[in-house]
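What follows is a single structure, written as structure tokens, with notes after it.
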Amino acid sequence: MPEIDFYKKGNGKSPVEEFLNSLTAKQAQKVVWVLQVIEELPKVPTTYLKKLINTDDIWEVRVKSGNDTFRLLGFFDGPKLIVLNHAFQKKTQKTPKQAIKLAVKRKRDYFKRR
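Below is the structure:
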């Protein structure tokens, strides 16, 4: 079962934590619930965690809360640790290329500083 961690920039701030703090209590509660499901289930359904095709091993956590859809992007550091490094409210069918580029950039930064 995977463990989830949040990426921190060089200044110590976590973009994902900042995003979660901007959500309503109900929205944040749903995101936390999905993260717990990912950590607790031996096989996580693609409803909640899916690898993005044609990316540098970027995965997305998928959260639906009422009419709102949220995505948390990240990557695996080894077989068990998922590092989430970008989050946004999804408004279009496809995941924006800019969001994927930012997740890849932060992934490289993470491994460079580790």
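When the letters of the sequence shown are read in order and numbered with the numbering used here, they come out as residues 357 to 470. From the three backbone atoms N, C-alpha and C, an ideal C-beta is built for every residue, glycine too. In this text, all values refer to a predicted model and were calculated from it rather than measured experimentally.
Subject >> With 16 other Cβ atoms within 10 Å as the buried cut-off, status of Trp389 >> reply: exposed
Original post:
Going by alpha carbons, who is nearest to Thr402 out of Phe432, Glu416, Ile456?
Top reply: Glu416
Original post:
Taking Cβ positions, are Ile394 and Pro358 nearer each other than 8 angstroms?
Top reply: yes
**OP:** Starting from Val417, trace the beta strand (DSSP E) both ways and give me its first and last residue.
**Re:** 415-421
**OP:** In the DSSP assignment, find the unbroken alpha helix (DSSP H) run with Asn377 in it and report its ends.
**Re:** 371-378
Subject >> Exposure label - Ala459; buried when at least 16 CB within 10 Å >> reply: buried
**OP:** Round the Cβ separation of Asn441 and Tyr404 to the nearest angstrom and send it over; I've been treating them as touching at under 8 angstroms.
**Re:** Contact flag wrong, Cβ pair sits at about 18 angstroms.
Original post:
Is Ile438 buried or exposed, if buried means 16 or more other CB atoms sit within 10 Å of its CB?
Top reply: buried
Original post:
Is it the case that the Cβ atoms of Val372 and Phe426 are separated by a distance below 8 angstroms?
Top reply: no
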